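**Q** Numbering-wise (numbering that gives the first Met the number 0), the sequence shown opens with residue 0 and increments by one. All residues carry an ideal CB built from backbone N, CA and C; glycine is no exception. Fair warning: this is a prediction, and the values are worked out from it, not measured in the lab. Before we start, here is the structure in question, set down as structure tokens.
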Amino acid sequence: MNPASNLVLVGPMGAGKTCVGRRMAERFGLRLVDADHEIERLAGTSINTIFEVEGEAGFRARESAVLAALLAQDGIVLSTGGGAVLDPDNRRRMRERGFVVHLVVSVEQQLARLARDRSRPLLARGDREQVLRDLSAHRAPLYAEVADLVFDTDAHDSAAAAELLAREL
Ligand code: S3P
């Protein structure tokens, strides 16, 4: 990885993007920016409320605007939301402006890690397992398109994942 560039973490909900990102940022002396937190900060409200009031389309527009602004910077570790790869402009910017790591996680692990989570509106759309399997089937080729590196987080906590990942950069 070119140390001057950004490190961009993509992958589904529960893959550990924010936790692993925090550790990678500490390790490389970079700043961690979490795109979902930035969207909430700018909107002054939660992602659940944005989905309720503006629908998913409203959320995606905010997400793309935030990603464009963040990826104009240098020297950040960017933790993206699971659906950030849906917009082709986001995918292009990630590739142009960062080294992109796809954090992989199984649906079984996602279900375990997100068991008590109520902050992800997509999980409330139906049977959680089916929602996660459908998202995974739809998005797998999009993650593959942007990834410079693929890393499976199933067997590791965030500290071990960051340690192993750092060796591969
Ligand atoms: C989403 C994932 C969430 C958040 C929003 C939508 C998705 O981020 O952006 O709830 O479309 O997969 P995380 O991947 O950080 O959970």
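Can you round the beta-carbon distance between ILE75 and ARG61 to whole angstroms, since I take them to be within the 8 Å contact cut?
**A** Within the sequence shown, numbered from 1, the residue matching residue 75 stands at position 76. Within the sequence shown, numbered from 1, the residue matching residue 61 stands at position 62. No, ILE75 and ARG61 are not in contact; Cβ-Cβ is about 19 Å, not under 8 Å.
**Q** Classify PRO2: buried if its beta carbon has 16 or more other beta carbons within 10 angstroms, exposed otherwise.
**A** Indexing the sequence shown from 1 puts residue 2 at position 3. For PRO2, the predicted model reports a pLDDT of 44, less than 50, meaning its position is unreliable and no value from the coordinates is stated.
**Q** Using only CA atoms, which one of PRO11, PRO120 and LEU6 lies nearest to PRO140?
**A** In the sequence shown, counting from the first residue as 1, residue 140 sits at position 141. Selected option, being the one with the closest Cα: PRO11.
**Q** So what does DSSP say about LEU8, is it helix, strand or coil?
**A** Position 9 of the sequence shown, counted from the start, is the residue given in the question as residue 8. Three-state DSSP puts LEU8 in a strand.
**Q** Look up PRO2 in the DSSP assignment and say whether it is helix, strand or coil.
**A** Working through the sequence shown from its first residue, we reach residue 2 at position 3. Its pLDDT being 44, under 50, PRO2 is placed unreliably by the model, and the measurement read from it follows with that caveat. Three-state result, PRO2: coil.
**Q** Of all the alpha helix (DSSP H) runs that stay within the bounds of the segment 82-112, which reach a length of 4 or more residues?
**A** 87-96 and 106-112
**Q** For the segment 7-45, which segments carrying the alpha helix (DSSP H) assignment without a break, of at least 4 residues, lie completely within its bounds, in sequence order?
**A** 16-27 and 34-42
**Q** Quick check on VAL99: buried or exposed, where buried means 16 or more other Cβ atoms within 10 Å of its Cβ?
**A** Here residue 99 refers to the residue found at position 100 when the sequence shown is read from its first residue. The residue in question, VAL99, is buried, as its Cβ has 16 or more Cβ neighbours within 10 Å.
**Q** Does the Cβ of SER78 have 16 or more other Cβ atoms within 10 Å, making it buried, or fewer, making it exposed?
**A** The residue labelled residue 78 in the question sits at position 79 within the sequence shown. Buried, because 16 or more other Cβ atoms sit within 10 Å of the Cβ of SER78.
**Q** Using 8 Å as the threshold, is the segment 83-90 in touch with the segment 17-25, meaning 3 or more CB pairs across them?
**A** no
**Q** Hey, quick one: how far does the alpha helix (DSSP H) through LEU77 stretch, first residue to last?
**A** As a working mapping, residue 77 is identified with position 78 in the sequence shown. Segment 75-78 is the beta strand (DSSP E) holding LEU77; no alpha helix (DSSP H) there.
**Q** Am I right that VAL19 and LEU102 are in contact with their C-beta atoms under 8 Å? What's the rounded C-beta distance?
**A** The residue you call residue 19 lines up with position 20 of the sequence shown. The residue you call residue 102 lines up with position 103 of the sequence shown. Sure, about 6 Å apart at Cβ, within 8 Å.
**Q** List the residues that DSSP assigns as beta-bridge partners of LEU164.
**A** Numbered from 1 along the sequence shown, position 165 holds the residue referred to as residue 164. DSSP, once it has assigned bridges, lists no residue as partnering LEU164.
**Q** Could you give the distance in angstroms between the alpha-carbon of ASN5 and the alpha-carbon of ASP73?
**A** Here residue 5 refers to the residue found at position 6 when the sequence shown is read from its first residue. Here residue 73 refers to the residue found at position 74 when the sequence shown is read from its first residue. Using only the alpha carbons, I get a separation of about 6 Å.
**Q** With burial defined as no fewer than 16 other Cβ atoms inside 10 Å of the residue's Cβ, what is the status of GLY97: buried or exposed?
**A** Stepping through the sequence shown from its first residue, residue 97 is reached at position 98. Counting Cβ neighbours within 10 Å, GLY97 comes out buried, since at least 16 surround it.
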